[in-house]
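Residue numbering for the sequence shown follows this note's numbering, starting at 1497 and increasing by one per position. All residues carry an ideal CB built from backbone N, CA and C; glycine is no exception. Below: one structure, written as structure tokens.
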Amino acid sequence: MAAGAGPGASGAPRHADGVAANQSVPRHVAIIMDGNGRWAKARGLPRAAGHKQGAEAARKVLRAAGEAGVECLTLYAFSSENWRRPETEINDLMGLLRFYIQHELDALHKEGIRLRIIGDHTAFKPDVVAMIDRATAKTAGNTRMTLAVALNYGARNELVKAVQGFAAAAAEGRLAAEEIDEARIEAALDTADLPPLDLLIRTSGECRLSNFLLWQAAYAELLFVDTLWPDFDGDALHAALAEFAARERRYGGL
Ligand code: FPP
């Protein structure tokens, strides 16, 4: 058993973070939604059609995750590296974001889903920033489930910002080096108020983390599936959850 771990209230072994060692439903699932472009290319369609179908897949998977009892779903929608894509593709993605906030926000709110953003969405166009801010404010009090959307997110940058915050606090005499521990680092990350990451899925057969949740993935189960993201659906999520339930998590113990 990991150092500091002991039996949880339920009798199940618990990790030092308070995570049930072998819980059957992951509290927090994150997905790298990859393969939209290849899905479109295989059908002779423009890449935008792949992203459109990908956004529909995200909508369905969110519902399936909620019904399965997942507390938090984090989706990698736009990485800090995605600015390297052609402007037309970035505009398509922003158009989708506008469309889904406009058309889905009321449903999300009624279903008790809180929208959280990780990353720095303030780099987007002002109307998109305002829309996102209104949506997060409106749903901030919802408690049934959290949808965290990673927008202009990069894990290395998230860690750089945390370190800069510590350095500034230290320079002002508010923080001593020995006060910096794992809990303080976690609290300085964009995911501070989210449950520990249990399961990270990447679609489309690529086996990389691509600068996503690098700190948070330390003890997450990783699942790489061949399905292209637009084809991923509720059944595919259930299969991933079944795979998670079958794995034994030891956190360095025996
Ligand atoms: C990766 O596929 C996907 C993305 C870069 C964006 C993910 C976006 C969505 C699922 C649509 C919803 C997003 C918003 C912002 C509402 P890829 O284009 O890299 O696919 P490829 O590797 O096959 O080219």
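Check                                                                                                                  : Outcome
DSSP bridge partner residues for A1646 (one or two, in chain order)                                                    : Y1572, I1614
Enclosing beta strand (DSSP E) for I1527 [first to last residue]                                                       : 1524-1528
Through-space distance from A1560 to A1779, alpha-carbon basis                                                         : The requested residue 1779 is not part of the displayed model; the chain covers only 1497 to 1750.
Enclosing beta strand (DSSP E) for I1697 [first to last residue]                                                       : 1695-1698
Cβ of A1665 within 8 Å of any chain C Cβ                                                                               : Although the question refers to chain C, the structure presented lacks it and comprises just one protein chain.
The segment 1693-1709 touching the segment 1521-1537, judged by at least three CB pairs closer than 8 Å                : yes
DSSP state of G1507 mapped onto helix, strand, coil                                                                    : Interpretation of G1507 is limited by its pLDDT of 33, a score under 50 that renders its predicted location unreliable; the figure taken from the coordinates is listed afterwards. It is coil, neither helix nor strand.
Cβ shell of C1703 (< 7 Å), same chain only, five flanking positions each side left out                                 : F1720
beta-carbon R1652 near the ligand FPP non-hydrogen atom, thresh 7 Å                                                    : no
H1511 classed as buried or exposed, judged by whether at least 16 other C-beta atoms fall within 10 angstroms          : Caution applies to H1511, whose pLDDT of 46 falls short of 50 and renders its modelled position unreliable; the value that the coordinates give is listed next. Answer is buried; the Cβ neighbour count reaches 16.
Neighbourhood of V1515 by C-beta distance below 6 Å, restricted to the same chain and skipping five residues each side : A caution first: V1515 carries a pLDDT of 48, below 50, which makes its placement in the model unreliable, though a value can still be read off. For V1515, where only same-chain residues beyond five positions count, the Cβ hits under 6 Å are P1692.
Option in E1577, W1579, H1599 with minimal Cα separation from A1551                                                    : H1599
C-beta contact flag for Y1642 and R1610 at 8 Å                                                                         : Rather than Tyr, the amino acid found at residue 1642 in this sequence is Thr. Taking 8 Å as the Cβ cut-off, T1642 and R1610 qualify as a contacting pair.
Alpha carbon of S1575 to alpha carbon of Y1649, nearest angstrom                                                       : 5 Å
Proximity below 8 Å, CB of W1725 to CB of L1685                                                                        : no
Local conformation of E1739 per DSSP, three classes                                                                    : helix
Reduced DSSP secondary structure (H/G/I, E/B, other) of F1662                                                          : helix
Span of the alpha helix (DSSP H), counted from its first residue to its last, around L1592                             : 1583-1606
Inter-residue Cα distance where the pair is V1659 and E1567                                                            : 28 Å
H1547 CB to nearest heavy atom of the ligand FPP below 7 Å                                                             : yes
P1622, buried or exposed, once every other Cβ within 10 Å from all chains shown has been counted against 16            : exposed
A1631: CB within 7 Å of a non-hydrogen atom of the ligand FPP                                                          : no
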